[in-house]
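Undergrad: Taken in order, these protein sequences are the chains called A and B.
Everything in the first sequence is counted per my numbering, starting at 1 for the first residue and increasing by one.
Everything in the second sequence is counted per my numbering, starting at 320 for the first residue and increasing by one.
Glycine included, each C-beta is placed from N, C-alpha and C at the ideal position.
There are 2 protein chains.
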Amino acid sequence: MSKTDVVLGVDIGGTNTAMGYVDRNGTLAASASIPTEAHRPAQEFFERFHRQAELLFSKIQDTHNLIGVGLGAPNANYYKGTIEQPPNLSWDFVDVVGTLKHWYTIPVVLTNDANAAALGEMLFGAAKGMRDFIVMTLGTGVGSGIVSNGEMIYGHDGFAGEIGHTIVDYNGRPCGCGRRGCLETYASANGIRRTVDELIRTTAEPSELRGIKFDDLTSKQIFESAQRGDKLALDAFDLTGKYLGMKLADSVAHTSPEAIIFFGGLALAGDYIFKPTKKYLEDYLLNIYKNKVRIVPSGLPPGNAAILGAAALIWNELI
Amino acid sequence: MSKTDVVLGVDIGGTNTAMGYVDRNGTLAASASIPTEAHRPAQEFFERFHRQAELLFSKIQDTHNLIGVGLGAPNANYYKGTIEQPPNLSWDFVDVVGTLKHWYTIPVVLTNDANAAALGEMLFGAAKGMRDFIVMTLGTGVGSGIVSNGEMIYGHDGFAGEIGHTIVDYNGRPCGCGRRGCLETYASANGIRRTVDELIRTTAEPSELRGIKFDDLTSKQIFESAQRGDKLALDAFDLTGKYLGMKLADSVAHTSPEAIIFFGGLALAGDYIFKPTKKYLEDYLLNIYKNKVRIVPSGLPPGNAAILGAAALIWNELI
Chain A
1 MSKTDVVLGV DIGGTNTAMG YVDRNGTLAA SASIPTEAHR PAQEFFERFH
51 RQAELLFSKI QDTHNLIGVG LGAPNANYYK GTIEQPPNLS WDFVDVVGTL
101 KHWYTIPVVL TNDANAAALG EMLFGAAKGM RDFIVMTLGT GVGSGIVSNG
151 EMIYGHDGFA GEIGHTIVDY NGRPCGCGRR GCLETYASAN GIRRTVDELI
201 RTTAEPSELR GIKFDDLTSK QIFESAQRGD KLALDAFDLT GKYLGMKLAD
251 SVAHTSPEAI IFFGGLALAG DYIFKPTKKY LEDYLLNIYK NKVRIVPSGL
301 PPGNAAILGA AALIWNELI
Chain B
320 MSKTDVVLGV DIGGTNTAMG YVDRNGTLAA SASIPTEAHR PAQEFFERFH
370 RQAELLFSKI QDTHNLIGVG LGAPNANYYK GTIEQPPNLS WDFVDVVGTL
420 KHWYTIPVVL TNDANAAALG EMLFGAAKGM RDFIVMTLGT GVGSGIVSNG
470 EMIYGHDGFA GEIGHTIVDY NGRPCGCGRR GCLETYASAN GIRRTVDELI
520 RTTAEPSELR GIKFDDLTSK QIFESAQRGD KLALDAFDLT GKYLGMKLAD
570 SVAHTSPEAI IFFGGLALAG DYIFKPTKKY LEDYLLNIYK NKVRIVPSGL
620 PPGNAAILGA AALIWNELI
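#1: Looking at the unbroken alpha helix (DSSP H) that takes in P276 (chain A), where does it start and where does it end?
#2: Taking Cβ positions only, does G191 (chain A) come closer than 8 Å to chain B?
#3: Assuming Y21 (chain A) and V10 (chain A) are in contact, meaning their beta carbons sit under 8 Å apart, how far apart are those beta carbons, in whole angstroms?
#4: Between the Cα of K615 (chain B) and the Cα atoms of B:L551, B:M455 and B:G387, which residue gives the shortest distance?
#5: Is V487 (chain B) helix, strand or coil by DSSP?
#6: Select from the region 474–493 of chain B all residues with a C-beta closer than 9 Å to any C-beta belonging to chain A, and list them in chain order.
#7: Can you pull the chain A residues whose beta carbon is under 7 Å from the beta carbon of I607 (chain B), in chain order?
#8: Is there at least one Cβ from chain B nearer than 8 Å to N316 (chain A)'s Cβ?
#9: Indicate the three-state DSSP secondary structure (helix, strand or coil) for S251 (chain A) in the structure shown.
#10: For the structure I just gave you, are there three or more beta carbon pairs, one from the region 154–171 of chain A and one from the region 284–302 of chain A, closer than 8 Å?
#11: Flag this pair as yes or no: are the beta carbons of F365 (chain B) and L419 (chain B) separated by less than 8 Å?
#12: Under 6 Å Cβ to Cβ from L56 (chain A), same chain only, skipping five residues before and after it: list those, please.
#13: What does a CB cutoff of less than 7 Å around G264 (chain A) pick up in its chain, not counting 5 residues either side in sequence?
#14: For a contact defined as C-beta to C-beta under 7 Å, what are the partners of A253 (chain A) on chain B?
#15: Taking T277 (chain A) as the reference, which of A:A253, A:V252, A:G245 and A:W315 has the closest Cα?
#16: Candidates B:I626, B:F368, B:R498 and B:A568: which alpha carbon is nearest E356 (chain B)'s?
#17: For P576 (chain B), which residues in the same chain have their Cβ closer than 7 Å to its Cβ, ignoring the five residues on either side in sequence?
#18: Assess contact between the region 540–555 of chain B and the region 404–418 of chain B, defined as three or more Cβ pairs (one per stretch) separated by less than 8 Å. Is contact present?
#19: Is the region 383–399 of chain B touching the region 432–441 of chain B, taking contact as three or more C-beta pairs under 8 Å?
#20: Just list the residues that DSSP pairs R294 (chain A) with in beta bridges.
#21: Return helix, strand or coil for T240 (chain A), following the three-state DSSP convention.
#22: Could you confirm whether any beta carbon from chain A is found closer than 8 Å to the beta carbon of K611 (chain B)?
#23: How would you write the range of the beta strand (DSSP E) that D414 (chain B) sits in, first residue to last?
#24: Any Cβ of chain B within less than 8 Å of the Cβ of S328 (chain A)?
#25: Is it true that the CB of R512 (chain B) sits closer than 8 Å to the CB of L536 (chain B)?
#26: I'd like the list of long-range same chain contacts for G387 (chain B), defined as Cβ closer than 8 Å, with 5 residues on each side in sequence excluded.
#27: How about the region 149–160 of chain A and the region 210–226 of chain A: do they share at least three Cβ pairs that are nearer than 8 Å?
#28: Rank B:T346, B:D549, B:Q404 and B:N335 by C-alpha distance to the C-alpha of N287 (chain A) and give the top, closest one.
#29: Measure the C-alpha to C-alpha separation of T522 (chain B) and S144 (chain A) and round it to an integer number of angstroms.
#30: Kindly indicate which residue of B:A506, B:Y473, B:G548 and B:G510 has the alpha-carbon position closest to the one of S526 (chain B).
#31: Pick out whichever of A:S225, A:G150, A:V196 and A:K231 has its Cα sitting closest to the Cα of A118 (chain A).
#32: Compare the C-beta of P107 (chain A) with all C-beta atoms of chain B and state if any pair is closer than 8 Å.
#33: Closer than 9 Å between beta carbons: that is the criterion. Which residues of the region 247–280 of chain A meet it against chain B?
#34: Go ahead and pull the three-state DSSP assignment for F478 (chain B).
#35: Starting from the C-beta of A76 (chain A), find all residues in its chain whose C-beta is less than 6 Å away, skip the five residues before and the five after it, and write them out in chain order.
#36: For L110 (chain A), which residues does DSSP report across the bridge?
Next up, the structure:
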């Protein structure tokens with residue numbers, strides 16, 4: 001019996017690193033997760049990672065053949081195979097592909113997590129068959145992956161696709177990047193918390209969210225309040241959709257995508273975020289783009305989306 | 320003796336239409352220009368155009384072989400081969416490629432003038448050898464052409480690359496597109512006239528430009544005043560560069576180009592526009608992009624740039 005080809009998809013996160021062996025159809029043959037322990041040296045992490053990956057593969061090696069490794073990580077560079085000053089990891093600069101090449105003779109490719117998500121959607125998810133689309137990862141921060149002409153846009157330096165750091169308001173909220181008013185400060189899980197906080201401070205609107213301290217407030221609570229009809233929570237979603245729609249109108253004017261796919265925690269709020277974003281996007285779009293761009297949710301299973309994205313990265317190179 | 324392969328490059332403008340036979344190296348074998356007369360039916364125009372093109376080719380046909388036709392026009396659609404509601408032409412909808420196919424059995428391709436300019440820079444001008452760059456056409460309006468991974472970005476609908484219609488200020492100047500605050504209302508020849516007008520009305524700065532009525536004011540006069548050290552004219556260039564630099568920082572966050580190439584009338588002001596744009600671009604760029612993106616002038620001869628761009632469009636399909 002011939003073995004099934006699989007790739008190893010790896011998502012390196014600030015807290016945990018998830019890995020899984022994925023075949024050409026996006027089926028997961030085996031998966032595991034280890035703590036990243038990013039406060040410890042990167043070399044230690046990669047040794048732990050490799051042991052776990054080998055152990056996991058030993059369970060399926062009789063029926064599967066490993067042909068590549070794809071990794072997604074914050075601030076990863078596709079061209080160099082490196083992670084550079086990642087926001088949630090203490091590692092300053094890590095030659096990821098160089099390190100893994102000590103163990104693997106098969107192709108090893110790295111990109112940032114949002115680009116991996118975009119490739120995952122293209123191969124296995126909501127962007128199947130699309131050649132021009134944008135994936136927005138609306139999580140703790142806001143990432144993006146842009147595909148045009150069926151190809152990932154990496155840009156000259158490998159860092160293209162930072163729509164989360166286009167600017168909504170030049171005098172706006174301080175951003176972790178050191179500037180002000182980035183989309184990320186409005187359209188992320190943390191951004192909607194800040195919007196609720198602003199609405200509490202600047203309006204008299206009664207809200208069940210007024211009883212919660214800022215540090216205790218979560219985007220999930222805002223979503224649940226919105227579901228119960230809390231006007232202030234609904235207003236926060238409306239404003240979040242407005243900022244997102246306004247800036248996505250600029251993005252459409254760059255690459256004119258068929259669809260924009262929302263991925264990540266905030267996207268799970270469904271219509272509460274999709275409806276206002278769509279409305280304001282249409283309001284702000286240049287005429288020629290109106291009523292052409294769909295906004296759709298991720299088509300990847302939430303639990304394994306990041307692994308499938310990293311696997312898609314390497315499948316995309318191999319097929 | 321074998322004949323030299325040439326393509327016919329055509330730039331359809333609001334007033335004149337320029338055409339020329341161009342070889343693989345960007346050498347112009349013959350060129351001509353006819354009035355567009357866009358108030359008359361499009362069919363008449365194409366018949367006049369075809370007669371002129373045939374006449375012109377008769378002079379070089381003993382030594383040249385025609386292998387394709389490339390056209391650039393406002394609001395042209397690459398996929399459909401059509402012009403749709405062009406801003407400076409009275410034609411509502413014209414099937415350009417369909418019309419020319421009555422006369423030509425060789426490949427005929429159409430795109431908008433800014434995309435043609437970008438392809439011209441890639442094949443014959445300042446973007447030779449580049450795979451990731453943006454061309455900004457700073458003329459009466461502001462157009463743009465975006466190249467990533469060595470390919471023109473046309474987008475899902477063929478209308479990608481309208482950076483001139485990304486928004487500087489949502490409450491800003493009315494734009495011809497019906498919205499407010501588009502980059503085009505600031506960074507075009509007309510935009511800098513409006514900036515001078517605003518400075519005259521809102522500051523006490525003495526200026527030789529105060530003596531000129533708005534309708535008589537030209538961007539060339541503003542340039543000449545700047546050259547003579549007129550503070551208000553210099554301030555107008557500084558503001559124009561600021562708006563341009565701010566928005567181009569957003570563009571870099573999309574496609575991370577190696578260079579941004581300025582093309583068109585306003586770019587002829589040289590350092591008066593390049594220096595402030597570069598300064599503000601760097602000020603507004605996300606850290607990872609700083610000091611990486613060059614801003615350079617067009618490398619095409621101004622008189623024939625549009626013809627060479629249209630020729631590059633079809634050469635790019637043939638080679």
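TA: To lay it out plainly:
#1: Segment D271 to Y284, the alpha helix (DSSP H) holding P276 (chain A).
#2: So, not an interface residue.
#3: Separation of the CB atoms of Y21 (chain A) and V10 (chain A) is rounded to 10 Å, and the pair is thereby denied contact status at 8 Å.
#4: For clarity, residue 615 (chain B) is Val in the given sequence; the question names Lys instead. Nearest C-alpha to V615 (chain B): B:M455.
#5: Of the three classes helix, strand and coil, the one that applies to V487 (chain B) here is coil, per DSSP.
#6: Residues of the region 474–493 of chain B with a C-beta less than 9 Å from any C-beta of chain A: G474, H475, D476, G477, F478, A479, G480, E481, I482, G483, H484, T485, I486 and Y489, listed in chain order.
#7: Going along chain A in sequence order, the residues near I607 (chain B) (Cβ under 7 Å) are F159.
#8: Not closer than 8 Å to any Cβ of chain B, the Cβ of N316 (chain A) fails to qualify, so no.
#9: Taken through DSSP and simplified to helix, strand or coil, S251 (chain A) comes out as helix.
#10: The region 154–171 of chain A makes no contact with the region 284–302 of chain A, as fewer than three CB pairs between them are under 8 Å.
#11: Yes.
#12: Excluding sequence neighbours, L56 (chain A) sits near A30 and A32.
#13: Cβ neighbours of G264 (chain A) beyond the five flanking positions: T137, L138 and G139.
#14: Result: E481, I482, H484 and T485.
#15: Here the closest residue by C-alpha is A:G245.
#16: When each option's Cα is compared against that of E356 (chain B), the closest is B:F368.
#17: Hits under 7 Å: D451, F452, I453 and V612.
#18: Short answer: they don't touch.
#19: Flag = yes, the region 383–399 of chain B and the region 432–441 of chain B touch.
#20: Per the DSSP secondary-structure output, R294 (chain A) pairs in a beta bridge with A:A259.
#21: In this structure, T240 (chain A) counts as helix in the three-state DSSP scheme.
#22: Yes, contact with chain A.
#23: Going by DSSP, D414 (chain B) is part of the beta strand (DSSP E) stretching over F412 to D414.
#24: With chain A running from 1 to 319 in the structure shown, residue 328 (chain A) is simply not present.
#25: Yes, these two residues count as a Cβ contact at 8 Å.
#26: V326, L327, I425, P426, V427, V428, I633, W634, E636 and L637.
#27: With contact defined as three or more Cβ pairs closer than 8 Å, the region 149–160 of chain A and the region 210–226 of chain A are not in contact.
#28: It is B:Q404.
#29: C-alpha of T522 (chain B) to C-alpha of S144 (chain A): approximately 42 Å in a straight line.
#30: Closest by alpha carbon: B:G548.
#31: For A118 (chain A), the closest alpha carbon among the candidates A:S225, A:G150, A:V196 and A:K231 is that of A:G150.
#32: By this cut-off, P107 (chain A) is not an interface position.
#33: So the list reads K247, A249, D250, S251, V252, A253, H254, T255, S256, P257, E258 and A259, given in the order they occur along the chain.
#34: Coil.
#35: The residues are I83, L110, T111 and N112.
#36: Per DSSP, the beta-bridge partners of L110 (chain A) are A:L71.
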